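Residue 5 is where the sequence shown starts when you use my numbering, and the numbers rise one by one after that.
We treat Cβ as the ideally placed atom computed from N, Cα and C, and that holds for glycine.
Source: prediction; values computed, not measured.
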Amino acid sequence: CICIATGFVFFIGKRRRQQDSQRNGQADLVEALAVTAVCGMLLATVAIMLASQVLPETLAERGLWQQRLFWLTWLGALCHAGYYARRPLHGGFSAAWWQQCAALAILTASAVLANWWHTGDHLGHTLFQYWPVACVDLVLLMCGLLAAHTAQRLYRRGQEVQTRQPIGALSNG
5 CICIATGFVF FIGKRRRQQD SQRNGQADLV EALAVTAVCG MLLATVAIML
55 ASQVLPETLA ERGLWQQRLF WLTWLGALCH AGYYARRPLH GGFSAAWWQQ
105 CAALAILTAS AVLANWWHTG DHLGHTLFQY WPVACVDLVL LMCGLLAAHT
155 AQRLYRRGQE VQTRQPIGAL SNG
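Below, the structure written as structure tokens:
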């Protein structure tokens, strides 16, 4: 995932430089799809994990509702990324990158808390007694910390660029 995301970032950066002279919007589309493929997929995956804890067991077609939530979350990530792709850039990239990373950090922590709330199995208990659940919680927490760190760095980068350049220099058009 990190290699794919890094490749997208380099690809988008190159296309943005080319687009500055052409203004054809291809880089906006590629960036929106990249944000959706990287962050949106992770958001949708964590959303389905969260739904498995939050949706009532008695809900008719519960599995179908979990699938719907996955697809709706991914579609929402696409709409969000598409909206921000044509907006002024934040540090050379769409603000959708840091915003979806921040949302991912919140969702991963929520999934761990929902597991604790729903099953009573918190990390302190499962770490020594039930490794499969403990590993899922640990991976979620590590992904959430990485997402929060990434969101913070991207946000700060955008703030630094905005203070160095006039606002009009950051816009796409």
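Starting from residue 72, trace the alpha helix (DSSP H) in both directions and tell me its first and last residue.
Here the alpha helix (DSSP H) through residue 72 covers 66-89.
Would you please state the rounded distance, in angstroms, between the beta carbons of residue 158 and residue 102? I believe it to be under 8 Å.
Indeed, because the Cβ distance is near 4 Å, the residues count as touching under 8 Å.
Count the other CB atoms, across all protein chains shown, that sit within 10 Å of the CB of residue 163; report buried if there are 16 or more and exposed otherwise.
Classification for residue 163: exposed.
With distances taken from CA atoms, which of 119, 132, 148, 11 is nearest residue 39?
The shortest Cα separation from residue 39 among 119, 132, 148, 11 belongs to 11.
Please list, in chain order, all residues of the same chain as residue 88 whose beta carbon is under 7 Å from its beta carbon, the five residues on each side excluded.
Excluding sequence neighbours, residue 88 sits near 98, 99, 100.
Any 3 or more C-beta pairs closer than 8 Å across the region 74-91 and the region 112-129:
Under the 8 Å Cβ criterion, the region 74-91 does not count as touching the region 112-129, having fewer than three qualifying pairs.
Alpha-carbon spacing of residue 43 relative to residue 50, whole angstroms:
Spanning the two alpha carbons is a distance of roughly 11 Å.
7 Å CB neighbourhood of residue 138 in its chain, flanking five on each side removed
The answer, listed in chain order, is 127, 130, 131.
Within the region 106-138, ranges of the alpha helix (DSSP H) (whole runs, at least 4 residues):
Fully enclosed alpha helix (DSSP H) runs of 4 or longer: 127-133.
Measuring only the C-alpha atoms, how far is residue 113 from residue 19?
Using only the alpha carbons, I get a separation of about 35 Å.
Expressed to the nearest angstrom, what Euclidean distance is found between the alpha-carbon atoms of residue 13 and residue 75?
Their backbone Cα atoms lie some 24 Å apart in a straight line.
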